[in-house]
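For reference, the structure discussed in these notes is given below.
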Amino acid sequence: MKRLAILGSTGSIGQSTLSIVEQFPERYGVAALAAGRNVDEAFAQAQRWRPKMISLATEELAGELARRLRQDGVSGIEAVHGTGGTIACSTLHEADFVVSAIVGVAGLEATHAAILAGKPVGLANKECMVAAGEILTAAARERKVPILPIDSEHNAVHQCLRVGAHNEVKFIWLTASGGPFRQLPLDQFEAITPEQALKHPTWVMGRRITIDSATMLNKGLEVIEACRLFDVTPAQVRVIIHPQSTVHSMVEYVDGSILAQISVTDMRLPILYALAWPERPPSTLTFDLAALRHLEFERPDFKRFPCLRLAFQAAEKGGAHCIALNAADEVAVGAFLERRISFTGIPRTIEKVLESTPEAHPATIAEVLNADREARERAKAMLT
């Protein structure tokens with residue numbers, strides 16, 4: 001049995017991972033959970049899964065959880081907290097596999113620690129790879145630890161790459177739905193509201209990633225992630241808009257062959273793939289081939305989606321520019337959701353931050369986090 005440490009257990013990826021554990025009890029168990037601030041859900045998960053360790057954001061929340069477990073007669077679960085607690089979960093001896101699904105750079109240190117401890121990682125957190133992919137992949141290669149992507153697009157690429165050699169890859173094609181504003185006239189973008197931007201046509205996701213999908217910054221982060229995960233240049237990564245979202249991504253080989261991965265739009269499939277790799281266990285996640293009767297593909301317009309252009313530029317420079325891209329976007333998206341800037345103010349803010357970012361390549365996680373803090377401070381200063 002493979003025992004899991006799930007970082008971000010109360011989020012959508014974490015809950016989907018637990019549903020896979022429930023579906024395959026003979027294959028998977030739960031060793032540790034990092035649950036953030038949702039103490040009620042953490043308590044319910046602790047009761048159901050009885051992990052060895054569970055981490056919450058603060059000492060107070062961890063204490064509250066410990067008290068509730070004692071009152072319920074549940075023993076044998078260590079309640080820890082903060083970054084140290086998350087690291088303790090990701091490096092727990094009993095954990096055989098780590099699912100990294102904490103949003104943003106908050107899970108970076110724990111993900112790095114898991115790799116250093118020799119734990120295979122299922123990565124659902126693109127910000128970790130964007131901010132510190134050079135460091136994470138180097139550590140993984142040194143320790144021969146697999147980093148298996150859970151994002152549907154990169155998971156699809158991983159599957160397509162299994163049939164060819166690295167030097168045979170011409171392009172990686174990342175598909176994008178185009179979000180809710182794919183056909184909206186450009187002169188209406190300034191008036192887009194948070195409510196409009198939060199209505200994604202295909203996926204149900206968190207607030208930031210939904211806005212990032214509307215600006216296509218999310219796809220830009222995936223371009224950077226693809227470069228790091230698959231050791232390719234930005235010129236080898238292409239983005240194509242595919243509103244039906246049935247083709248999750250493609251790989252084009254030098255002989256002209258293009259392999260596509262097609263499946264249901266259900267995150268349980270890429271999660272199961274990552275957990276079971278290199279096996280493919282049978283599942284109930286079937287796809288109706290009749291849904292392929294209508295497929296559209298179109299190239300993205302950088303005038304409509306300037307965030308995607310900025311992401312390609314950051315990918316070319318690497319290092320601090322990738323860190324600044326992610327940090328500035330998070331600050332700008334927060335300001336947009338609070339109605340302090342317009343929708344078009346998001347790319348304007350990111351571009352200003354990138355212009356003020358010096359070229360640098362942080363060599364340690366501490367340097368990455370410092371560059372992240374500095375970029376956030378610059379972004380916030382520009383919004384005041």
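Reminder that position 344 of the sequence shown reads as 344 in the UniProt record's numbering, one-by-one numbering, no gaps.
Just so you know, even glycine gets a beta-carbon here, dropped at the ideal spot from N, CA and C.
- Taking ALA31 as reference, the option from LEU4, SER19 and GLY14 with the minimal CA-CA separation is LEU4.
- Closest in C-alpha terms to VAL353, from the list ARG339, ARG376, VAL163 and ASP301, comes ARG376.
- Of the other Cβ atoms in all chains shown, 16 or more fall within 10 Å of the Cβ of LYS119; this residue is therefore buried.
- Bounds of any beta strand (DSSP E) do not take in VAL103, whose DSSP letter is neither H nor E.
- In the DSSP assignment, GLY220 falls within the alpha helix (DSSP H) that extends over 217-230.
- Taking 8 Å as the cut-off, the Cβ atoms of SER152 and MET267 count as close.
- When secondary structure is reduced to three states using DSSP, ALA363 falls in the coil class, being assigned neither helix nor strand.
- Each of ALA46, ALA114, ILE13 and SER100 was checked against the Cα of LYS144, and the nearest Cα belongs to ALA114.
- When beta bridges are read from the DSSP output, ALA32 appears opposite ALA5 and MET53.
- The distance from the Cβ of GLY36 to that of ALA101 is about 10 Å, inconsistent with a contact at the 8 Å cut-off.
- Collapsing the DSSP output to three states places GLU252 in a strand.
- A contact between stretches requires three or more CB pairs, one per stretch, nearer than 8 Å, and the region 283-291 fails this requirement with the region 34-49.
- Approximately 6 Å separates the beta-carbon atoms of ILE150 and ILE271; this is inside 8 Å, confirming the contact.
- Non-local C-beta neighbours of ILE365 in its own chain, meaning closer than 7 Å and more than five positions away in sequence, comprise LEU108, GLU109, HIS112, ALA132 and ILE135, ordered along the chain.
- Per the C-alpha coordinates, the member of PRO180, ARG48, VAL103 and GLN23 positioned closest to VAL74 is ARG48.
- Between the region 88-96 and the region 64-71, the count of C-beta pairs closer than 8 Å stays below three; the two stretches do not touch.
- A straight-line Cα-Cα distance of about 13 Å links LEU184 and THR193.
- Between ILE262 and THR246, the C-beta gap is smaller than 8 Å, which places the two residues in contact.
- Distance between CYS227 and PRO300, taken at the CA atoms: about 19 Å.
- CA-to-CA, the gap between ALA140 and TYR273 works out to about 19 Å.
- Distance from LEU295 to GLN244 at the Cβ level is roughly 6 Å; contact confirmed, criterion being Cβ atoms closer than 8 Å.
- When beta bridges are read from the DSSP output, PHE97 appears opposite LEU4.
- Beta bridge pairing from DSSP links ILE172 with VAL237 and VAL251.
- DSSP places GLU64 inside the alpha helix (DSSP H), whose first and last residues are 59-71.
- Separation of ARG207 and ALA332 (C-alpha to C-alpha, rounded to the nearest whole angstrom) is 13 Å.
- Distance check between LEU56 and each of VAL39, SER177 and ALA44 places VAL39 closest, using alpha-carbon atoms only.
- In this structure, the alpha-carbon of TYR28 lies about 32 Å from that of TRP173.
- Rounded to whole angstroms, the Cβ separation of LYS170 and VAL103 is 33 Å, and the two are not in contact under 8 Å.
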